[in-house]
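Just below is one structure, and these are the notes that go with it.
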Amino acid sequence: MIVNEKVALDHGLKKDEYKKICELLKRIPNITELGIFSAMWNEHCSYKSSRFHLKNLPTKGKNVIQGPGENAGVIDIGDDDAIVFKIESHNHPSFIEPYQGAATGVGGIMRDIFTMGARPIANLNSIHFGSTQHKKTKNLLRGVVLGIGGYGNCMGVPTIAGQTSFDESYNGNILVNAMTLGLVKQNKIFYSKAAGFGKPVIYVGSKTGRDGIHGASMASAAFDDKIEEKKPTVQVGDPFTEKLLLEACLELMAGDSIIAIQDMGAAGLTSSSIEMASKGNLGIEINLNKVPCRESKMSPYEIMLSESQERMLIVLESGKEEMAKKIFDKWNLDFAVIGKTNKNKKIELYFNEDKVASIPINTLVENSPMYNRKWKKAKLPKKIKIKKEQFKNLKIINVLNKILSSPNICSKEWIWQQYDHTVMGDTIQKPGGDAGVVRIHGTDKAVAASVDSSAIYCWAHPLSGGKQIVCESWRNLISVGAKPIAITNCLNFGSPENEENMGEFVECVQGLGEASSYLGFPVVSGNVSFYNQTKDIGIKPTPSIGGVGLIKNYKNMITMDLKETNNILLVIGKTEGHLDQSLFARDILNEKNGPPPEINLFNEKNNGETVLKLIYEKYIRSVHDVSLGGIIIALSKMCIKGKKGAILKKPNYLINQFEYLFGEDQGRYILEVDNKNLQNVISILKENSVHFDELGTVCDEDLTIDNKSKISIDDLVKSHTTWLTNYMSN
Amino acid sequence: MNSSVITFPGSNCDRDMDVALKKFGFKNKMVWHDDIELPKSDLVVLPGGFSYGDYLRCGSMASKSKIMKSVINFAKVGGKVLGICNGFQILVESGLLPGVLLRNKYLEFICKNAFIKINDKKSHYFKDIKKNILELHIAHNEGNYFCSKEQLKEIDDNNQIALFYSDREGNVSDENNPNGSLKNIAGIFNKEKNILGMMPHPERMIDPALSGEDGSIFFENLINNLK
Chain A
17 MIVNEKVALD
27 HGLKKDEYKK
37 ICELLKRIPN
47 ITELGIFSAM
57 WNEHCSYKSS
67 RFHLKNLPTK
77 GKNVIQGPGE
87 NAGVIDIGDD
97 DAIVFKIESH
107 NHPSFIEPYQ
117 GAATGVGGIM
127 RDIFTMGARP
137 IANLNSIHFG
147 STQHKKTKNL
157 LRGVVLGIGG
167 YGNCMGVPTI
177 AGQTSFDESY
187 NGNILVNAMT
197 LGLVKQNKIF
207 YSKAAGFGKP
217 VIYVGSKTGR
227 DGIHGASMAS
237 AAFDDKIEEK
247 KPTVQVGDPF
257 TEKLLLEACL
267 ELMAGDSIIA
277 IQDMGAAGLT
287 SSSIEMASKG
297 NLGIEINLNK
307 VPCRESKMSP
317 YEIMLSESQE
327 RMLIVLESGK
337 EEMAKKIFDK
347 WNLDFAVIGK
357 TNKNKKIELY
367 FNEDKVASIP
377 INTLVENSPM
387 YNRKWKKAKL
397 PKKIKIKKEQ
407 FKNLKIINVL
417 NKILSSPNIC
427 SKEWIWQQYD
437 HTVMGDTIQK
447 PGGDAGVVRI
457 HGTDKAVAAS
467 VDSSAIYCWA
477 HPLSGGKQIV
487 CESWRNLISV
497 GAKPIAITNC
507 LNFGSPENEE
517 NMGEFVECVQ
527 GLGEASSYLG
537 FPVVSGNVSF
547 YNQTKDIGIK
557 PTPSIGGVGL
567 IKNYKNMITM
577 DLKETNNILL
587 VIGKTEGHLD
597 QSLFARDILN
607 EKNGPPPEIN
617 LFNEKNNGET
627 VLKLIYEKYI
637 RSVHDVSLGG
647 IIIALSKMCI
657 KGKKGAILKK
667 PNYLINQFEY
677 LFGEDQGRYI
687 LEVDNKNLQN
697 VISILKENSV
707 HFDELGTVCD
717 EDLTIDNKSK
727 ISIDDLVKSH
737 TTWLTNYMSN
Chain B
247 MNSSVITFPG
257 SNCDRDMDVA
267 LKKFGFKNKM
277 VWHDDIELPK
287 SDLVVLPGGF
297 SYGDYLRCGS
307 MASKSKIMKS
317 VINFAKVGGK
327 VLGICNGFQI
337 LVESGLLPGV
347 LLRNKYLEFI
357 CKNAFIKIND
367 KKSHYFKDIK
377 KNILELHIAH
387 NEGNYFCSKE
397 QLKEIDDNNQ
407 IALFYSDREG
417 NVSDENNPNG
427 SLKNIAGIFN
437 KEKNILGMMP
447 HPERMIDPAL
457 SGEDGSIFFE
467 NLINNLK
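Protein chains in written order, with the numbering used here: chain A, 17 to 746; chain B, 247 to 473.
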């Protein structure tokens, strides 16, 4: 095939990008080379629109062993143990083929983790679907959940937490973000930097097929009417092979024969070989005839761009080939020496004895395009003035029931019951709490993880929204008794070529950078997914934050279920009654304007640290952070989980009851305190200048809000748990 | 007491079982599916997981692996063989237990705590357990037990039903049947009651920090009765 500008454009490259390629090579690339450039230079692999802004994120901290730039981030959790973790998107494939798209998303992120030598110990996910009225939503949800379960369950890794939301902006472009945590000894972390010349380059895992060719390029373009035709670019997952690959890799990693290892994810053999060579500042030559293929007559172009799953590339110490091969033979996996490293600083490919590609590595990596795209700053919307008449005809219990059973608040048990969340025998806090918690096997330590996003807030004001999610993640970790350590982010946005979408990206990143820097909660890994749009309509900006925290002694873990009658309930943090962009305003008053709640980072940090202190002193019995839906939704969930009631007190300051109960002010927690510890708790709160109000007391039955508003726990449970199951079975 | 846990390609509860057996005093060995001989064992456990990816039919390929010949011989002379979840599926596929395990009624994987009523306390597996109902964890996609009418009669006549899904009080009804299993069957024995296949995972309930401790009761009783 003759390469020209049109062919380059068909590969998703821009005119000036093609021109730059010809200049860098000082010739016209052949088709294989063009394919390689298009794969390395697309948005998904090159971060060309985002790099400029991501470099401002805080990525360092005393617990950070490895920040962004490797397969995943690594943090120190003491005693030579480290946690490797990352979140990644698989949005486009999941919309086209929900089961395989979601399954391979889970498979891909787990590979990123065990590539670094870590055994995966927990999975999480953040999934977002269109309106519940939209005709595709039900099937997409079912397919995605089956896919996530199908892969994770077979791997034997527990899925411990997640988040699901519905919003019409995802009608044509759902989001599937998967996160994995792995455990590794600090002296056994493996990196992707190749070193040494003449070292064998090894291919292991599944055979290469024609599936997924140009998957990364697909993920870098907007959808149009012909998306169905893109089905063949979705990869097909085989969790059984990945389980074997995991065990075989960990077995090989127990020795010291690996110099560098990289999984073949997006852009397959192309990006894995080039990244290892680039990081090691050396060259790599590959004989494509040696690559194990599952289909006949595959061309160099197809072999290089295939995104077949469950494959790894390894640079091995010379002379260790036989020993390594034995391990992969034992696990029935392909093993092939396909090339070697050299001094040339080029990627050189041979096929049927011909040299079919020769590209200097730096042209693909360092010289890849970087854009400082135009973007539009968002204004803070004006506060809406809700007229008091709007509350007049509302009955509190009706509103509570409506919100509690609404798609974004209701129990997601139908989803997480399909995920094995107890395999490995260390899950000490299951899905449905503030964060999932797993013990570090055989120790007293545990790690907590949660995944959060607040697209509504980010859409209303990206800067505030960006800050808010980091704070929400921080609060969720605190609420189970974990000290927050670091985050990973998955940045899901519309087209970077649209100034408003780009502005949302820039300001969300700025917000999350500010918050993570202030809280000492650095970003150690992540991924950017642009072009989440159909035709010209982008999704609401949806950065997902995966937070990880440490519980030094798992006996200090705390849960949200109310424990004992007559205990006192306190609300930490000031309740001003911010209703704009709240669930109450949007779902009950149908009011979609106004600013999201303000974030006060000082209060956020101070309140969180003080709550953690109270947990470690064992002064409190349960904790839950106050988020979507406000105080009353948070308290209802505590009642539901503990099968206990509560009696509310009238607030001791002037505030409208709806604003008090449903306002979404930030930085708040509800605490359950024993009477005997109440004075201690109050004095610690005062010492630390933490604002608190007395919310009420725990009782045996019924949630009593005032003398006109009361609901039984059974009714609360029914409201909360039936919607999703009914929706999915109709 | 010596035990052996067989690891098949795709087993994923093998480590959990190893941890549980050791915790309650077994000297456990991990045995690779490709081995020919079983080490000296008082108990052989086929663990949960997705042997061979559950491709073809759950448990069917594993039932043909090399080590299974030894397991079958061991069982035929009265050796104690316990299959949990995928291990149960392997036992029915290898013909050591009657019946089959179909996909769950609602075609969904189920992971949750379930109440399990012990039907027969005469075997070594449940002999001295005081409770009649255990709370154990289930996690499976194919736990819907089925067999022919004739087989069911035989199973019933020989008192081979080991466990039922029930409610907290021990009522066995459709409402507390999680997967559509025939008669709410959660576990069965062979005629001689040296082989037990069960869907629930006792190895996930051996620590107060986990979902419960009724698994501990199961393992403590097991080792005491094998002595």
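Even for Gly, the Cβ is constructed at its ideal location relative to N, Cα and C.
Asked: Candidates A:Leu266, A:Asn305, A:Gly458, of which the one nearest Lys204 of chain A by Cα; Found: A:Leu266
Asked: Through-space distance from Val463 of chain A to Val100 of chain A, alpha-carbon basis; Found: 12 Å
Asked: Within-8 Å CB hit, His279 of chain B to chain A; Found: no
Asked: Cutoff 8 Å: Ile125 of chain A Cβ touching any chain B Cβ; Found: no
Asked: Burial state of Arg43 of chain A, where buried means 16 or more other Cβ atoms lie within 10 Å; Found: exposed
Asked: Where the alpha helix (DSSP H) through Trp432 of chain A begins and ends; Found: 429-432
Asked: Under 8 Å between C-beta atoms of Asn258 of chain B and Lys259 of chain A; Found: yes
Asked: Close beta carbons around Pro255 of chain B, own chain, < 8 Å, minus the five adjacent residues each side; Found: His279, Ser297, Tyr298
Asked: Inter-stretch contact at 8 Å, needing at least 3 Cβ pairs: the stretch 345-354 of chain A / the stretch 214-224 of chain A; Found: yes
Asked: Within 8 Å, strictly: CB atoms of Asn424 of chain A and Ser181 of chain A; Found: yes
Asked: Rounded straight-line distance, which links the Cα of Thr626 of chain A to that of Phe674 of chain A; Found: 28 Å
Asked: Given Glu310 of chain A as reference, the closest of A:Asn297, A:Gln597, A:Arg135, A:Arg226 once Cα atoms are compared; Found: It should be pointed out that residue 310 of chain A corresponds to Arg in this sequence rather than to Glu. When each option's Cα is compared against that of Arg310 of chain A, the closest is A:Arg226.
Asked: Close Cβ partners of Leu507 of chain A (< 6 Å) along its chain, the five nearest in sequence each way excluded; Found: Val544, Pro559
Asked: Assigned exposure category for Phe213 of chain A - 16 Cβ within 10 Å defines buried; Found: exposed
Asked: Neighbour list for Pro255 of chain B in chain A, Cβ cutoff strictly below 9 Å; Found: Phe256, Lys259, Leu260, Glu263, Trp347, Asn348
Asked: Selection from A:Ala264, A:Ser735, A:Trp430, A:Leu694 that minimises the alpha carbon distance to Tyr635 of chain A; Found: A:Leu694
Asked: When A:Ser638, A:Asn582, A:Phe407, A:Ile52 are compared against Glu318 of chain A, the one with the closest alpha-carbon; Found: A:Ile52
Asked: Test: Met440 of chain A CB closer than 8 Å to a CB of chain B; Found: yes
Asked: Touch test, the stretch 165-181 of chain A against the stretch 475-486 of chain A, Cβ-Cβ under 8 Å, three pairs minimum; Found: no
Asked: From B:Gly329, B:Asn378, B:Asn319, residue whose alpha carbon lies closest to that of Asn417 of chain B; Found: B:Asn378
Asked: Cβ of Ile444 of chain A within 8 Å of any chain B Cβ; Found: yes
Asked: Assumed close pair Ser289 of chain A, Ile375 of chain A - CB separation to whole angstroms, cut-off 8 Å; Found: So it is not a contact: roughly 11 Å between Cβ atoms.
Asked: Check: Val331 of chain A C-beta below 7 Å from any heavy atom of the ligand FMN; Found: As presented, the structure is devoid of all ligands, the ligand FMN included, so that no description of it is given.
Asked: Coarse secondary structure for Glu515 of chain A, derived from DSSP in three states; Found: helix
Asked: Reference Leu670 of chain A, options A:Trp347, A:Pro613, A:Glu592, closest by Cα; Found: A:Glu592
Asked: Identity of the residues DSSP links to Glu364 of chain A by a beta bridge; Found: A:Glu301, A:Ser374
Asked: Members of the stretch 150-165 of chain A near chain B, C-beta cut-off 7 Å; Found: Gly165
Asked: Inside the stretch 651-682 of chain A only - alpha helix (DSSP H) runs reaching at least 4 residues; Found: 673-678
Asked: For Met573 of chain A, the three-state DSSP class (helix, strand or coil); Found: coil
Asked: Within chain B, partners of Tyr167 of chain A - CB distance below 7 Å; Found: The premise fails here: Tyr167 of chain A is roughly 11 Å from chain B at the closest Cβ pair, so nothing lies under 7 Å.
Asked: CB contact below 8 Å: Gln278 of chain A versus chain B; Found: no
Asked: For Phe521 of chain A, the three-state DSSP class (helix, strand or coil); Found: helix
Asked: Distance between beta carbons of Leu420 of chain A and Leu365 of chain A, contact taken as under 8 Å; Found: Rounded, the Cβ-Cβ distance is 59 Å, inconsistent with contact.
Asked: Residues from the stretch 404-427 of chain B in contact with chain A, defined by Cβ distance under 7 Å; Found: none
Asked: is_contact[His370 of chain B, chain A] using C-beta, thresh 8 Å; Found: no
Asked: Helix, strand or coil at Met195 of chain A according to DSSP, with G and I counted as helix; Found: strand
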